[in-house]
Amino acid sequence: MSRIDDIVEHVRQTLAAGWPLRDLDFDRLYPESVRSLAADWTPVEACRVVSRFLAGGCDEPLVLDVGSGSGKFCLIGSLMTGASFRGVEQHSFLVNAAVEVARRLGANETSFVVGDAFDLNWRQFTALYLFEPLKESVDRQRALESAANQLENMPLQTRVATCGDLGMKFPKGYEPIGEETIGQSSLRFWLRVATW
Ligand SMILES: C[S@@+](CC[C@H](N)C(=O)[O-])C[C@H]1O[C@@H](n2cnc3c(N)ncnc32)[C@H](O)[C@@H]1O
Numbered sequence: 017m018s019r020i021d022d023i024v025e026h027v028r029q030t031l032a033a034g035w036p037l038r039d040l041d042f043d044r045l046y047p048e049s050v051r052s053l054a055a056d057w058t059p060v061e062a063c064r065v066v067s068r069f070l071a072g073g074c075d076e077p078l079v080l081d082v083g084s085g086s087g088k089f090c091l092i093g094s095l096m097t098g099a100s101f102r103g104v105e106q107h108s109f110l111v112n113a114a115v116e117v118a119r120r121l122g123a124n125e126t127s128f129v130v131g132d133a134f135d136l137n138w139r140q141f142t143a144l145y146l147f148e149p150l151k152e153s154v155d156r157q158r159a160l161e162s163a164a165n166q167l168e169n170m171p172l173q174t175r176v177a178t179c180g181d182l183g184m185k186f187p188k189g190y191e192p193i194g195e196e197t198i199g200q201s202s203l204r205f206w207l208r209v210a211t212w
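Numbering (my numbering), first residue to last: 17 to 212.
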């Protein structure tokens with residue numbers, strides 16, 4: 017399989033059918049310069065598990081990927097669940113790549129913005145995904161404080177999934193409701209059960 021249209025069709029059909037998809041096949045949707053960063057992205061199988069959890073529990077899920085990189089998690093999550101996913105990412109070249117792949121795949125329930133994830137108001141979302149965004153934040157101390165404030169400000173029933181080490185203690189009011197390791201991805205799932 018080499019032509020980009022063939023790859024797009026294969027990825028779309030495989031995700032829609034809920035069949036297993038190799039990371040290599042999804043990652044081929046990106047230009048080489050972007051694909052070289054693929055080790056930092058959530059693997060397809062982990063995307064499937066996390067997105068099912070985050071898109072559940074409410075009628076109109078709107079999931080935020082905090083530090084969305086190439087958009088891989090949002091794209092796979094949306095195509096697999098039909099829910100709306102938004103990614104915010106500090107590097108514009110990654111957002112441009114995400115928008116282009118979304119267009120090719122017809123992932124119309126995804127959107128991507130360039131910016132500092134900690135400047136957004138997370139309350140507009142029903143669920144959050146955090147894959148080590150604090151690690152690469154330019155101002156780490158500010159990011160830590162902001163992440164804690166944002167998580168504390170979320171309403172009851174907010175679903176949160178983390179991948180890897182978040183780099184901070186999870187605020188009170190969240191119940192850990194599960195964890196799973198898929199390949200190299202250590203996933204944790206949380207539910208907001210109380211506010212103070
Ligand atoms: C480990 S990658 C995860 C990418 C994507 N969420 C995925 O699962 O495939 C973390 C991303 O967070 C981005 N990031 C780190 N700090 C950020 C910030 N303060 N605002 C926006 N993006 C940030 C990085 O540029 C990087 O692309």
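All C-beta atoms, glycine included, are put in the ideal place defined by N, C-alpha and C.
Nothing here was measured: the structure is a model prediction, and the numbers come from that model.
Item, Value
"Reduced DSSP category for Phe141 - H, G, I as helix; E, B as strand; rest coil", "coil"
"Buried versus exposed call for Asp135 [16 or more other C-beta atoms within 10 Å across all chains shown]", "exposed"
"Exposed unless 16 or more other CB atoms sit within 10 angstroms - verdict on Glu125", "buried"
"Val287 to Arg204 span [Cα, whole Å]", "In the structure displayed, the chain extends from 17 to 212; residue 287 sits before or after that span and is not available."
"Exposed unless 16 or more other CB atoms sit within 10 angstroms - verdict on Gln166", "buried"
"Selection from Phe69, Ile23, Ser52 that minimises the alpha carbon distance to Glu195", "Phe69"
"Buried versus exposed call for Arg158 [16 or more other C-beta atoms within 10 Å across all chains shown]", "exposed"
"Selected residue, minimal CA-CA separation from Pro171, among Gly180, Asp155, Gly189, Ala177", "Gly189"
"Sequence ranges, alpha helix (DSSP H) only - wholly within the stretch 26-86, length at least 4", "39-43, 48-51, 60-70"
"Cut-off 8 Å between Cβ atoms - residues of its own chain near Trp206, not counting five sequence neighbours on either side", "Arg175, Val176, Ala177, Thr178, Phe186, Tyr190, Glu191, Pro192, Ile193"
"Three-way DSSP call (helix, strand, coil) for Arg19 in this model", "coil"
"Rounded separation between Gly34 and Val60 - CA only", "11 Å"
"Check: Glu105 C-beta below 7 Å from any heavy atom of ligand 1", "yes"
"Alpha-carbon spacing of Ala163 relative to Ala71, whole angstroms", "21 Å"
"Meets three-Cβ-pair contact criterion under 8 Å: the stretch 46-57 and the stretch 24-38", "no"
"Alpha-carbon spacing of Asp39 relative to Arg51, whole angstroms", "11 Å"
"Rounded distance between the beta-carbons of Gly85 and Leu110, thought under 8 Å", "5 Å"
"Separation of Cys90 from Thr97, as counted between CA atoms", "10 Å"
"Integer Cβ distance of Val115 from Phe101, believed to fall under 8 Å", "Contact flag wrong, Cβ pair sits at about 13 Å."
"Status (buried if at least 16 other CB within 10 Å, exposed otherwise) for Glu105", "buried"
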